[in-house]
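Novice:
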Amino acid sequence: MKEIHSFPDFLDNLYEAGMSMGGENEEGVFGLCRYFGDEIVWHTEDAQTDPWEWRMRVLHERNDIAYGKFFFKKSGYITKEWFPYFYRIRRGGRGLQEEYEEGNVSLYAKRVYDQLSEHRELPLHLIKEYGGFGREDKSRFDSAVTQLQMDLYITMCGNARKKSRRGEEYGWSSTVFCLAEDFFEADVIKRAGEISGEEAYEKLEGQILLLNPGADLKKVRKFIKGR
Numbered sequence: 001m002k003e004i005h006s007f008p009d010f011l012d013n014l015y016e017a018g019m020s021m022g023g024e025n026e027e028g029v030f031g032l033c034r035y036f037g038d039e040i041v042w043h044t045e046d047a048q049t050d051p052w053e054w055r056m057r058v059l060h061e062r063n064d065i066a067y068g069k070f071f072f073k074k075s076g077y078i079t080k081e082w083f084p085y086f087y088r089i090r091r092g093g094r095g096l097q098e099e100y101e102e103g104n105v106s107l108y109a110k111r112v113y114d115q116l117s118e119h120r121e122l123p124l125h126l127i128k129e130y131g132g133f134g135r136e137d138k139s140r141f142d143s144a145v146t147q148l149q150m151d152l153y154i155t156m157c158g159n160a161r162k163k164s165r166r167g168e169e170y171g172w173s174s175t176v177f178c179l180a181e182d183f184f185e186a187d188v189i190k191r192a193g194e195i196s197g198e199e200a201y202e203k204l205e206g207q208i209l210l211l212n213p214g215a216d217l218k219k220v221r222k223f224i225k226g227r
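Following the working numbering, the numbering of the sequence shown begins with 1 at its first residue and continues without gaps.
1) Determine the DSSP secondary structure at residue 72, reduced to helix, strand or coil.
2) Is the beta carbon of residue 14 less than 8 Å from the beta carbon of residue 32?
3) So for residue 179, helix, strand or coil by DSSP?
4) In whole angstroms, what is the alpha-carbon distance linking residue 224 and residue 216?
5) Residue 41: buried (16+ other C-beta within 10 angstroms of its C-beta) or exposed?
6) Whole angstroms is fine: what's the gap from residue 131's alpha carbon to residue 210's?
7) Quick one, are the C-beta atoms of residue 27 and residue 71 less than 8 Å apart?
8) Beta-carbon separation of residue 157 and residue 176 under 8 Å?
9) Three Cβ pairs or more, each shorter than 8 Å: is that satisfied between the segment 135–155 and the segment 193–211?
10) What do you get for residue 107, buried or exposed, if any count of 16 or more other CB atoms within 10 angstroms of its CB means buried?
11) Can you find the residues in the same chain that come closer than 6 Å, C-beta to C-beta, to residue 36, ignoring five residues on each side of it along the sequence?
12) CA-CA distance, residue 221 and residue 227?
13) Enumerate in chain order the residues of its own chain whose CB-to-CB distance from residue 190 is below 7 Å, with the five nearest sequence positions on each side excluded.
14) Looking only at its own chain, which residues have a Cβ that is under 7 Å from the Cβ of residue 96, when we skip the five neighbours before and after it?
15) Out of 163, 69, 38 and 48, state which residue places its alpha-carbon closest to the alpha-carbon of residue 19.
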């Protein structure tokens, strides 16, 4: 890993690492923030040196990096190369309906997932509108969206502003979500089906310990499994 002074440096390191926490808290596992140079400052709106801007840049400018709440219910990055291993561990070849029927997925998560299954891609405000979520549902809705990201059912794929009846954009940008299967090409998901759970775990654990030999093994397990 080299010191990060700009967005291109961040991309170089991310491709080499394959995964990273999105914020400054590494959770005892690994994050690229440890390599940030003095030029890297949050919330300056400088596309080259503000990590907050990089979240959307990877989604808008790249097609081989996923970003979402993947680790410890917090943001993180996973490259296309490593996504099949996480997908195999988190999903295990099971569908949401099956997990819902067994009580492993909440009703609110199912309602969110059903909207994205129908529309394939939606900004957060339209998921709420189409799914009939009200203000009183905010806490459970937010938890459902996080749960679905952690389990790799859905992922962020960009952002969009609300539109008036005239089609004019207004207000703050809203995060756009899609199904995880639609984010990468089919071969990425196919690859996940060819990996055993044991192989996936060993591969991920080995990479994490290569990146951070002193990583807390209990937290590494949670980082990989999502729970």
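Virtual Cβ for every residue (Gly too), placed ideally from N, Cα, C.
Specialist: In short, the structure shows the following:
1) coil
2) yes
3) strand
4) 12 Å
5) exposed
6) 43 Å
7) yes
8) yes
9) As far as the Cβ criterion goes, the segment 135–155 does not touch the segment 193–211, which means the pair count is below three.
10) When all chains shown are included, residue 107 counts as exposed.
11) 4
12) 8 Å
13) none
14) 105, 110, 113 and 153
15) 69
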